[in-house]
Each structure stands twice: as structure tokens, then as C-alpha cells.
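Numbering (my numbering), first residue to last: 114 to 743. Glycine included, C-beta positions come from ideal geometry on N, C-alpha and C. Data first, discussion second: the structure below is written as C-alpha cells.
Here is the structure:
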């Protein structure tokens, strides 16, 4: 009898849209790096786009493959070659693409049945509802992948669980109920579109129902970025939620950084050479995503706005029309700005650009991938949402993270009808937003940059490889496992504070050697001893525990004291500086320490991957045991 494989086999179904495919391919590679086998199903167009990335992963001995599924576009009335969302002629066509996606179920299942080893888990985009039934037939779990982050997911849940939403007018502002922050939006900005067709809504409802039966959810985000929304989403979902990201930081090889999906329209060397010639933080980068289309009139307004700022800029213009090319030629625009502006027609090597020290600002369409990539590299953003989740992402960037400046668009566009609209953004809007963001002297702009840098550090920590705690603190911390020579320690002049359980001996020893205390009582006389230290002697700071533990049952409790409680009390106790300077430096140190200590055993997303693999392994082993007993 052949022993079953101990390795997991993940099957992945990414949505055929750049903003969904890119993170799922990165997650596939992360899982493969952890020893899993991964099979990605994609249309021929998408497969060809990502084949170089997969080939490099295979060369690195990762067990990863991509299998093709042909969309039957003719059957649903779509033009030939329409194998992804960016190829759709209009927003109305999305319902037809959803219908074509439904036709993939049987051919996909036929291929999955032939896989060896057989699959242990399906990770599929939210918009593949039939994968829930497929997972049930294979007796394996389905994990739903969401393109946007937890802020958007929580906002959408708040909206659709409230009857109030049905009566609100499209452009009427209202406060979203039950959120950790006050978020005011319009109905248009929630839906991200002016009109939802009945067939589109029907598909969305079906996908939502299928999600309810899924085993759990994978979200491309990281806990430290939106902790309250991760917690809220986990609560409303009532299933397992794994936050894995920002996956852009998992790309280490130069080619993987330069070519995430579509081949970049500029050579890596030429791009870096141009950026290297610019001052740090001086370049304003413009890229409006893989699906956004600009009318000629709108592109001209952007061009004139960028020119008027006198700011170095790098502009990736994906759809250059003949009319726009004619205008560029007639006015000699590229010649006019050649000393400080570079315009590239095609796809941007975005990670390569955002990670360069010369880049100090980013005009973005607020797609979630671009948002996370801006965060990952500490680049403040000018926000210009167009449709879908982008308006809520803008709110997150500007109002929650406070690292962005709005360009001023409040109404979604209809995809495919951009040429029918007047320019929504004028050159004056571009000039105002860019100058506001890039101002070197303005206090608010400095604060935005500071917050962006802090978020970048948090992002790097979230995706960092696991490092042992003692290794992390070895330069300033000594951890001894066992009994302490307490009088020897407390009597030493280097000791300035003492975290104590408030036993009477320890209390007297702290008093005896003049050492202030952070108090953490557990049971017995310790709570009254804490009162004596803090309120009578006034030489202590409470850590914040008010309820005694039951001796011997500590492992059954959640942690009563969080890392933030320890940090607060120790800093309060140990701070020696002037009040105003102290408050200023204290806040700075607290922020720095929160980033350094975010996860006791290493980056949160790295640990989440391990948790996911462990969980699915246990699920599979349980299923095997159950089958053996049948």
C-alpha cells in the first residue's frame, strides 16, 4: 500500500483580472515555498502572461504549475479573445463574462480529478461560486479569496445588512453603521457603479451564498494595517480568516519585481537609470491601473497638470489613442517636459518604481493592489478612484490611514464609456493635489510622509521571515529560564524598573532597593499589595489586570495582558525626560516599538501561512481517519 503524501496540494482559481491574479500567483508561490504543491487554473491569456513567473518558480524547485481553461466566449456572446476583464468592451459585458466563467465548472472538475497528488484544498476567487460545490464533491475545504481588504469587506457587510441602504438616493451621503471609525460615503461610492444590472446582482448574491458554505477566507492584507477591521471582519464572518500580505514584498528576484504579469513597457535598467538621476523623494509617479481607460481630453488635462507642477514625474499611460498621439506631437509635449518628465506607453514595473528612493508620490486609481503597494514602500498617494471598490479604498487611504490627498472625483465612471464623458479631472485639480502631496515644507504633508514610512515598516515586518524572539532582542534583552537571583538584580544600579506579580516579598524587595514597579497581580494577597504600591506608596504603575486568575487554569484563558499593556506601563514608569519632550519622544518610541514588536514570533502574514497549512493538514488527517473508520 502506498503511503499518502504528507505535502498539501492547493488548487487555485484566480479571477481573470490583473488586480486579482497578481496577488493569487504571489500567494501560490508563497505556499510552494512552504513545501506545498500548487496548481493554478487560468485562461490561456492569463497563463501566458504569468508563465515566465511560474517557470522561474519551477527552476527554483518549487512544485507549482499552471493549467489552462478556455473561456467559451462565443457561447455567451463575447468577442473572440475576450479572456479577461480588461478585454471587455463595456461594463455591460461583465454579466456575459460571469456566464462564461460558470461554463468552466465541468472542464475544471475533469482536470482536477486527474491531478496527482489529489487536491487537499481549493482557494478560489469570491466570483467562482461553483468551486464551493466542487470542494464538497472532493470532500476538501474551499477558501474564498477576496481582492479588496478588510475595510472594504466590513463596509460592504455593514451596507447590505442594513435596511436603510435601500431607501438612500444614489448621491446622498450617509454614515456607515457599526464601523470602528466614522465613515461617510454615498451609495454610488459604495457600489462603485452608476447602475447594477439584475443579472450582475444575481451573480453577486449567488457568490455570497456560496461563500457562506466555504471553510474560510484568505484576504490580501496584513493585520497591522487595519487591525480593527480585521477583527470586525473575523467577527461578522464567523469562520477562519487568514490575512496574507502585502504579497508584493514576497518578490525578491529582479525579474519577478519587474515583471508581475504583463511584460513591462520599459526596460528595468532604463527605468532605474532615469530614477537614479533624480533627487530622493522628488518623483511623482502616475499609474491608473490595468482596466482604467482615459479619454483623450482627460489625458491632456493630466499632461498639462503635471507640466504645471514643475515636479519630476514618471507617467505610465496604458491606452494612447491616435488623437492623443497627435496632440502630443502637435504641441511637442514630450519635448517640453523631457528634462523632468518621462512618459511610458504600456505596463508599469510598479514595484520596481515604488521601491525606488526617488519616488515621493503616487497618483493611483485606488485599486487594492496598488494601494497596498503604495503602503508597502511608504509612498503617499493622490487618490483618483474610478469604479468598483476604489472609492472605499480612497476613503481608507485618506481618512483612515491619512496618507493620501483626494483629486476630487466623487462619481464612478461606467467602464467602456469614458470617451462619452467630459474630463472629470482638470489640470488645476492635478496641480493642486500633486503640490499638496509633494510639498516639502507643509506640516500636514510631512505628517503624511511620516505615517507612510511607518506603515511601510509595518508591512515589511508583516512579511518578514520568522525570527526567534531571543534573537530579535539579544542586543538589549537577556532572558533567563528559571529562578532569579532577585536581590542581586534589584540592588544593581542599572535596574530602574521592576514588573512584579505583587507578592509581598517581591514588593518589599522592590521597596528595599528603591525600584519603582509595574504591578501585575494574579491572585491571593497580590491585588491589595498592588493597591499599596500604587495608591499608598505611589511608586507603581498598574498594568491593568482587575480579575484574579484561577491557579492552575491559566492555559484555559486568553491573554489578560497584551503586549501594548506591557509597553505602556514600562514606558510610563521608565521615562525620565521633560514633560513636553517626553510626550513627543514617547509617542515616537511607542510607534517604533509597535512596529518592532508587532508579532512576538515573527511577521504576522508569515505565521498565518504556517497556521493555514497546519489547519488544512489537520483537516485532511481527520478526514482520512474518518474514512478509515467507515
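Have a look at the options and flag the residue whose alpha-carbon is nearest the alpha-carbon of residue i.
i	options	result
residue 304	489, 505, 497	505
residue 495	440, 482, 551	551
residue 523	179, 566, 500, 516	500
residue 331	724, 736, 732, 548	724
residue 280	263, 291, 299, 722	299
residue 319	497, 143, 242, 201	242
residue 349	263, 189, 541, 507	263
residue 609	652, 290, 644	652
residue 223	434, 250, 210, 430	250
residue 398	196, 381, 429	429
residue 639	659, 650, 629	659
residue 460	726, 195, 199, 170	199
residue 491	568, 466, 554	568
residue 326	344, 315, 353, 314	353
residue 351	357, 358, 343	343
residue 336	736, 721, 735, 738	721
residue 481	463, 122, 133	133
residue 186	166, 178, 217	217
residue 411	231, 543, 297, 714	543
residue 231	328, 214, 315, 124	124
residue 292	563, 513, 742, 733	513
residue 158	148, 137, 541, 184	184
What do you get for residue i, buried or exposed, if any count of 16 or more other CB atoms within 10 angstroms of its CB means buried?
i	result
residue 161	exposed
residue 393	exposed
residue 636	exposed
residue 476	buried
residue 141	buried
residue 233	buried
residue 131	buried
residue 471	buried
residue 388	buried
residue 203	exposed
residue 164	exposed
residue 226	exposed
residue 565	buried
residue 596	exposed
residue 285	exposed
residue 302	buried
residue 244	buried
residue 333	buried
residue 288	exposed
residue 116	The pLDDT assigned to residue 116 is 47, lower than 50, so where the model puts this residue is not dependable, and the model offers no usable value.
Got a sec? Which residues, its chain only, sit under 7 angstroms from residue i by beta carbon, not counting five neighbours each side?
i	result
residue 324	239, 257
residue 416	446
residue 146	175
residue 719	576, 577, 578, 579
residue 735	none
residue 708	Interpretation of residue 708 is limited by its pLDDT of 49, a score under 50 that renders its predicted location unreliable; no figure is taken from the coordinates.
residue 433	458
residue 248	235, 254, 255
Leaving out five residues on either side along the sequence, give the residues of the same chain with a beta carbon under 6 angstroms from the beta carbon of residue i.
i	result
residue 619	613
residue 425	391, 395, 396, 453
residue 539	414
residue 139	360, 363
residue 549	518
residue 479	496, 498, 503, 506, 507
residue 682	631, 654, 656
residue 347	354
residue 469	388
For residue i, report the span of its beta strand (DSSP E) as first-last.
i	result
residue 632	630 to 632
residue 153	150 to 155
residue 238	234 to 238
Which residue comes first and which comes last in the alpha helix (DSSP H) that contains residue i?
i	result
residue 356	Unbroken run through residue 356 is the beta strand (DSSP E), 353 to 356; no alpha helix (DSSP H).
residue 570	556 to 575
residue 742	717 to 742
residue 418	409 to 422
residue 134	131 to 146
residue 747	Summary: the structure shown does not reach residue 747, with the chain confined to residues 114 through 743, and so no result is reported for it.
residue 623	617 to 625
residue 245	243 to 251
Report all residues from its chain with a CB closer than 8 angstroms to the CB of residue i; omit the five preceding and five following residues, and keep chain order.
i	result
residue 593	none
residue 634	614, 615, 640, 642, 643, 658, 661
residue 467	398, 475, 486, 487, 489, 490, 492
- Message: Suppose only complete runs of 3+ residues qualify. What are the beta strand (DSSP E) ranges in the region 476 to 548, listed by chain order?
- Response: Runs of the beta strand (DSSP E) lying entirely within the region 476 to 548, each at least 3 residues long, are 494 to 496, 517 to 519 in chain order.
- Message: Please give me, in chain order, every unbroken run of the alpha helix (DSSP H) with length at least 4 that falls completely inside the region 265 to 348.
- Response: List check, alpha helix (DSSP H) in window: 277 to 280, 300 to 304, 311 to 325.
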